[in-house]
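Colleague: Chains A and B are the protein sequences, given in the same order.
First residue of the first sequence: 1, per the numbering used here; consecutive thereafter.
First residue of the second sequence: 1001, per the numbering used here; consecutive thereafter.
Dropping a structure here in structure tokens format, bear with me for questions.
There are 2 protein chains.
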Amino acid sequence: MNQAVHQATTQSIEQMMTTLGQQARAASRILAGATTQSKNAALQAISQELQNQQADILAANAIDMQNGRANNLDAALLDRLELTPARFKGMLDGLHDVIALVDPIGAITDLTYRPSGIQLGKMRVPLGVVGMIYESRPNVTLEAASLALKSGNAIILRGGSEAFNSNQAIAKSIQAGLKIANLPESSVQVINTADRAAVGLLITMSDYVDVIIPRGGKGLIERVSREARVPVIKHLDGNCHVFVERQADLVKALPICLNSKTHRYGVCNAMETLLVDAPVAAEFLPQIAALYREKGVELRGDETTRSILSDALPATEQDWYEEYLAPILAIKVVDGLDEAIAHINKYGSHHTDVILTENYGKARRFLNEVDSSSVMINASSRFADGFEYGLGAEIGISTDKIHARGPVGLEGLTSQKWIVLGDGQIRV
Amino acid sequence: MNQAVHQATTQSIEQMMTTLGQQARAASRILAGATTQSKNAALQAISQELQNQQADILAANAIDMQNGRANNLDAALLDRLELTPARFKGMLDGLHDVIALVDPIGAITDLTYRPSGIQLGKMRVPLGVVGMIYESRPNVTLEAASLALKSGNAIILRGGSEAFNSNQAIAKSIQAGLKIANLPESSVQVINTADRAAVGLLITMSDYVDVIIPRGGKGLIERVSREARVPVIKHLDGNCHVFVERQADLVKALPICLNSKTHRYGVCNAMETLLVDAPVAAEFLPQIAALYREKGVELRGDETTRSILSDALPATEQDWYEEYLAPILAIKVVDGLDEAIAHINKYGSHHTDVILTENYGKARRFLNEVDSSSVMINASSRFADGFEYGLGAEIGISTDKIHARGPVGLEGLTSQKWIVLGDGQIRV
């Protein structure tokens, strides 16, 4: 009996997901041909609908918050879940930023003649259908939907179950806006079951989904990568380094090291390990440590660091791999550029790494040899961000090398097809 | 006892593959920093070594051919396997083409200032380690190795077992050339076991392999896509269409339709379905059918086609999906552009599709609305090719949308990292 019930449920989830997939695929064909004007009109209508429904959306969010508190969600999770009027306005501002972005679709580049006489170029096109799996942050629902629409993609959204009511309410406004603008409502669909089987289906429906973007805990992302039969743009950890090279301007180095670690702790572009070149360690470490102490940052150092900073705890081998996402910093004194680069390429997560130096040749070598999605000279690691990079809203930060690397904006949701313009050419 | 032996073998293959992977990863770090001069010197030395070892390589190929005949390989397979002196020269010519290509690595583009004062750009970098699984065509061994080296990647090659001796002999020359040029010999490694477990390991070693490129039968590619834990650039089928629109110049259309189908049959960019607009069907079909008959092409048509071409066989629904790779052509009479585009997007494989027309607006719509990796106007589908597109040798043709689409040359083996040049900027 129980088994029969289970089978029925499984079947209906499969059916539901297949329907979502088919609808998304059909919508994607229409979106691919939609004009910039029509897509922007839809985004404007969505903005208006969200404003009209603000009270309902905040009420839905209040239910999620109440459930969250009843289920003893931790403070950080509740904070991400909460929609205040100020955050709501922030969401709308983000939407208007997306409207203002240049539409990448249809752009033709590199149109040149080949010796055969054909004219060859590339045209930017949408990927098709995006599947997005993300944490319980309702603002991501709108961000992801608006980026997908602007780039001509349909999207299927699966947010964290704690944000269920908020996401349904936001989706309602999005679909109302789409309807007003005469674009398919199924351009943006929110999966409305908490059953985890839905995720398993979403990431394997290669007929209906062209790319999966998972955001959230490492466990989720590893599961998605392992089980997906659809290409994945994934964001694993951000173990970022700042290397204070011996020829660094230490006056500049202090604010950069402080900003990279303490501007925000729980973000992937925060510094987790500070590398200091041996000749400047005795001068620099006490100064920066004083600033960290003021902020309450726990310091964990190698032996040399601890001989300079007596209150630093000992760092273990594991600390060099760690993404703390907390007021904790590992510090290592290294002997020059080679050791710094080797350390970063070995222990780092290829996310964002920074050198502080006034030496031209060393800056150039660091830029070339560090294998990370963002490599920086004399700037805070915190700049590795879609907004700071001018991409508009960002749908994620890719730690992959294939397709999109680093912050993923509109362009990451597109592909290029080849176009050939001829006058009767045949191949000889 | 048998189980113990089996375990030992499995263990040793695992050990072998791990060693290959670690060596490739280590080599990739050196290749990523190698200068253009050094990579070209290695390719030159490889060319010289191949010339020196030509007799040995052809002798090794003769053994493979002998084994192939003894194992009753079919004629097409034997043809691909065979290395004649002329084909050997063709291989060397291809290698020299790769030497002449511009090195994409290190190119910095889009360097612009952001409002924060940081200067942001992108730098082209190698992917790292490429895993290549391919049919029994020894020339692919050299093509893939030379493209990987030029783009700063290490490569692990797994060719068809029928080409075992040929591939080992070619790899020996490649590694000798690498040694002469002081680049790691393990930059190019050939798996030297026929055990299929090696493939299973290659496509799941995500620590050591950054991308897998499978070439060959659909069964292989589907298996790799299903089991891989590493991103895959895959090439599935090429069900290509030519659409003769009512405003086509029929004088140009005849040679293009002939060339697209009969220039070569067993290739992925050959036309498999001819679509003819109803108003010109009665005039065009008899003319083109006469040319196909001369070449011995079997025609399979829908009802309207058969009312015009009495000797055409009836086409079934399955024919519209078929990649014949043979002197067989499906023909359908359609009623205008919309039906043609809908047919192509439904039945096609998103590889290469062509419209023949002199109508500007329809050409433009076809270009925008057909969702294929190459979309052409008034040219033969046979142009969808890395050489014709000016990519130099091609490592494959991707039917994916993610990362690389269509013919994949050097650039498909690279990625871009973000670079940030600052003067002390911190995030506010």
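The C-beta atom is built at its ideal place from N, Cα and C for all residues, glycine as well.
Just so we're clear, the structure is a prediction, and the values are computed from it rather than from any experiment.
Between the C-alpha atoms of GLU283 (chain A) and CYS268 (chain A), what's the straight-line distance to the nearest angstrom?
Modeller: On the first sequence, residue 283 (chain A) is found 283 positions in, with the first residue counted as 1. On the first sequence, residue 268 (chain A) is found 268 positions in, with the first residue counted as 1. Approximately 29 Å between the Cα atoms of the pair.
Colleague: If you scan the stretch 322–365 of chain A from start to end, which runs of the beta strand (DSSP E) of 3 or more residues do you find wholly inside it?
Modeller: Counting whole runs of 3 or more residues, the stretch 322–365 of chain A contains the beta strand (DSSP E) stretches 328–334 and 352–356.
Colleague: Evaluate contact between the stretch 1044–1051 of chain B and the stretch 1107–1119 of chain B, counting only Cβ atoms and requiring at least three cross-stretch pairs below 8 Å.
Modeller: Cβ pair count under 8 Å is below three, so no.
Colleague: What in chain B is Cβ-close to ASN378 (chain A), meaning under 7 Å?
Modeller: For the purposes of this step, residue 378 (chain A) is taken as the residue at position 378 of the first sequence. GLY1422, ASP1423 and GLY1424, listed in chain order.
Colleague: Please determine, among A:ARG29, A:PHE88 and A:ASP74, the residue with the shortest C-alpha to C-alpha distance to LEU58 (chain A).
Modeller: For the purposes of this step, residue 58 (chain A) is identified with residue 58 of the first sequence, where counting begins at 1. It is A:PHE88 whose Cα lies nearest to the Cα of LEU58 (chain A).
Colleague: Using a Cβ-Cβ distance cut-off of 9 Å, determine whether ILE1395 (chain B) contacts chain E.
Modeller: Looking for chain E here will not work: the only protein chains present are A and B.
Colleague: Counting only beta-carbon atoms, is VAL1005 (chain B) nearer than 9 Å to chain A?
Modeller: In the second sequence, residue 1005 (chain B) corresponds to position 5, counting from 1. Because the pLDDT of VAL1005 (chain B) is 41, which lies under 50, any placement of that residue in the model is unreliable, and the number read from its coordinates should be weighed accordingly. Answer no: the Cβ-Cβ gap between VAL1005 (chain B) and chain A never drops below 9 Å.
Colleague: Which residues bound the beta strand (DSSP E) around GLU1272 (chain B)?
Modeller: Here residue 1272 (chain B) is taken as the residue at index 272 of the second sequence, counted from 1. From DSSP, the beta strand (DSSP E) with GLU1272 (chain B) extends over 1271–1277.
Colleague: Cα separation between THR399 (chain A) and ALA45 (chain A)?
Modeller: Residue numbering aside, residue 399 (chain A) sits at position 399 when the first sequence is read from its first letter. Residue numbering aside, residue 45 (chain A) sits at position 45 when the first sequence is read from its first letter. THR399 (chain A) and ALA45 (chain A): Cα-Cα distance of roughly 34 Å.
Colleague: Looking at the strands, I want to know which residues DSSP matches up with ARG124 (chain A).
Modeller: Locating residue 124 (chain A) in the first sequence gives position 124, counting from the first residue. BP columns for ARG124 (chain A) point to A:GLN416.
Colleague: To the nearest angstrom, report how far apart ALA1181 (chain B) and LEU1031 (chain B) are at their CA atoms.
Modeller: Stepping through the second sequence from its first residue, residue 1181 (chain B) is reached at position 181. Stepping through the second sequence from its first residue, residue 1031 (chain B) is reached at position 31. If I take the Cα positions, the gap works out to 12 Å.
Colleague: If you run the structure through DSSP and keep just helix, strand and coil, what is GLY392 (chain A)?
Modeller: Counting from 1 along the first sequence, the entry for residue 392 (chain A) is found at position 392. Looking at GLY392 (chain A) - three-state DSSP - the assignment turns out to be coil, as it is neither helix nor strand.
Colleague: For the structure I just gave you, are there three or more beta carbon pairs, one from the stretch 160–173 of chain A and one from the stretch 58–76 of chain A, closer than 8 Å?
Modeller: Yes, they touch.
Colleague: Any idea what DSSP makes of VAL1370 (chain B), helix, strand or coil?
Modeller: Reading the second sequence from its first residue, position 370 is the one you call residue 1370 (chain B). Here VAL1370 (chain B) sits in coil by DSSP.
Colleague: Just the C-alpha distance for LEU1274 (chain B) and ASP1210 (chain B), rounded to the nearest angstrom, thanks.
Modeller: Your numbering for residue 1274 (chain B) matches position 274 in the second sequence. Your numbering for residue 1210 (chain B) matches position 210 in the second sequence. Going from the Cα of LEU1274 (chain B) to the Cα of ASP1210 (chain B) covers about 39 Å.
Colleague: Three-state secondary structure (DSSP) at GLY1424 (chain B)?
Modeller: Within the second sequence, numbered from 1, the residue matching residue 1424 (chain B) stands at position 424. Looking at GLY1424 (chain B) - three-state DSSP - the assignment turns out to be strand.
Colleague: When DSSP labels each residue in this structure, what does HIS6 (chain A) get in the three-state scheme?
Modeller: Residue numbering aside, residue 6 (chain A) sits at position 6 when the first sequence is read from its first letter. Reliability of the predicted coordinates at HIS6 (chain A) is poor, the pLDDT of 47 falling under 50, and no value is obtained from them.
Colleague: Determine the closest residue to LEU1125 (chain B) out of A:LYS401, A:VAL230, A:SER173 and A:PRO255, with distance taken between C-alpha atoms.
Modeller: Looking up residue 1125 (chain B) in the second sequence gives position 125. Correcting the residue identity first, residue 1125 (chain B) is Val in this sequence and not Leu. Of the candidates A:LYS401, A:VAL230, A:SER173 and A:PRO255, the one whose C-alpha sits nearest the C-alpha of VAL1125 (chain B) is A:LYS401.
Colleague: Identify, in the order they occur along the chain, each residue of the same chain with its Cβ nearer than 6 Å to the Cβ of PRO1231 (chain B), setting aside the five sequence neighbours on each side.
Modeller: Counting from 1 along the second sequence, the entry for residue 1231 (chain B) is found at position 231. Same-chain partners within the cutoff: VAL1211.
Colleague: Could you check whether the stretch 112–119 of chain A touches the stretch 132–149 of chain A, counting it as contact only if at least three pairs of C-beta atoms, one from each stretch, sit closer than 8 Å?
Modeller: Verdict: no, contact absent.
Colleague: Which residues, in chain order, does the stretch 1148–1167 of chain B contribute to contact with chain A at a C-beta distance below 7 Å?
Modeller: Flagged: no residues at all.
Colleague: Check each residue of the stretch 1408–1421 of chain B: if its Cβ is closer than 8 Å to any Cβ of chain A, include it; give the result in chain order.
Modeller: From the stretch 1408–1421 of chain B, only SER1415, GLN1416, LYS1417, TRP1418, ILE1419, VAL1420 and LEU1421 have a Cβ closer than 8 Å to chain A.
Colleague: Please tell me whether VAL1125 (chain B) has its Cβ less than 9 Å away from any Cβ of chain A.
Modeller: Walking along the second sequence from the start, residue 1125 (chain B) turns up at place 125. Taking Cβ atoms only, chain A reaches closer than 9 Å to VAL1125 (chain B), which makes this a yes.
Colleague: ILE155 (chain A) and GLN189 (chain A) - do their beta-carbons sit closer together than 9 Å?
Modeller: As a first step, residue 189 (chain A) is located in the first sequence; it is residue number 189 there, counting from the start. As a first step, residue 155 (chain A) is located in the first sequence; it is residue number 155 there, counting from the start. Contact flag set, yes.
Colleague: Determine the burial state of LYS346 (chain A): buried for a count of at least 16 other Cβ atoms within 10 Å of its Cβ, exposed for fewer.
Modeller: Position 346 of the first sequence, counted from the first residue, corresponds to residue 346 (chain A). Under this definition LYS346 (chain A) is an exposed residue.
Colleague: Please report whether the beta-carbon of GLU1388 (chain B) lies at a distance below 9 Å from any beta-carbon of chain A.
Modeller: The count along the second sequence starts at 1 and reaches residue 1388 (chain B) at position 388. True, the Cβ-Cβ gap to chain A drops below 9 Å.
Colleague: Taking its Cβ as the centre, do 16 or more other Cβ atoms sit within 10 Å of HIS1235 (chain B), making it buried, or is it exposed?
Modeller: Reading the second sequence from its first residue, position 235 is the one you call residue 1235 (chain B). Under this definition HIS1235 (chain B) is a buried residue.
Colleague: Could you name the residues of the same chain whose beta carbon sits closer than 7 Å to that of THR262 (chain A), not counting the 5 residues immediately before and after it, in chain order?
Modeller: Here residue 262 (chain A) is taken as the residue at index 262 of the first sequence, counted from 1. Closer than 7 Å at the Cβ level, and outside the excluded window around THR262 (chain A), lie LYS295 and VAL297.
Colleague: For chain A, check one thing: does any of its Cβ atoms lie closer than 9 Å to the Cβ of ALA1315 (chain B)?
Modeller: Here residue 1315 (chain B) is taken as the residue at index 315 of the second sequence, counted from 1. No, its Cβ sits nowhere closer than 9 Å to a Cβ of chain A.
Colleague: To test your reading of the DSSP string, which unbroken beta strand (DSSP E) runs of 3 or more residues are found completely within the stretch 1248–1314 of chain B?
Modeller: List check, beta strand (DSSP E) in window: 1271–1277 and 1298–1301.
Colleague: Does the beta-carbon distance from LYS417 (chain A) to ASP1338 (chain B) come in below 9 Å?
Modeller: What you label residue 417 (chain A) is simply residue 417 of the first sequence in a count that begins at 1. What you label residue 1338 (chain B) is simply residue 338 of the second sequence in a count that begins at 1. No. Outside cutoff.
Colleague: Per DSSP, which residues does MET17 (chain A) bridge with? Please list them.
Modeller: As a working mapping, residue 17 (chain A) is identified with position 17 in the first sequence. For MET17 (chain A), which the question treats as bridged, DSSP gives no partner whatsoever.
Colleague: What whole-angstrom Cβ distance do GLY406 (chain A) and ILE395 (chain A) have, given they're in contact under 8 Å?
Modeller: Stepping through the first sequence from its first residue, residue 406 (chain A) is reached at position 406. Stepping through the first sequence from its first residue, residue 395 (chain A) is reached at position 395. With 8 Å as the limit, GLY406 (chain A) and ILE395 (chain A) do not qualify as a contact, their Cβ atoms being about 12 Å apart.
Colleague: Below 8 Å on the Cβ atoms is my guess for ASN153 (chain A) versus LEU413 (chain A); work out the distance and round it to an integer in Å.
Modeller: Walking along the first sequence from the start, residue 153 (chain A) turns up at place 153. Walking along the first sequence from the start, residue 413 (chain A) turns up at place 413. Correct: roughly 5 Å between the Cβ atoms.
Colleague: If you draw a straight line from the C-alpha of PRO327 (chain A) to the C-alpha of ASP1195 (chain B), how long is it?
Modeller: Locating residue 327 (chain A) in the first sequence gives position 327, where the first residue counts as 1. Locating residue 1195 (chain B) in the second sequence gives position 195, where the first residue counts as 1. Rounded to whole angstroms, PRO327 (chain A) to ASP1195 (chain B) spans 51 Å at the Cα level.
Colleague: Is ARG382 (chain A) close to chain B, meaning its C-beta is less than 9 Å from at least one C-beta of that chain?
Modeller: Residue numbering aside, residue 382 (chain A) sits at position 382 when the first sequence is read from its first letter. It does; some Cβ of chain B falls within 9 Å.
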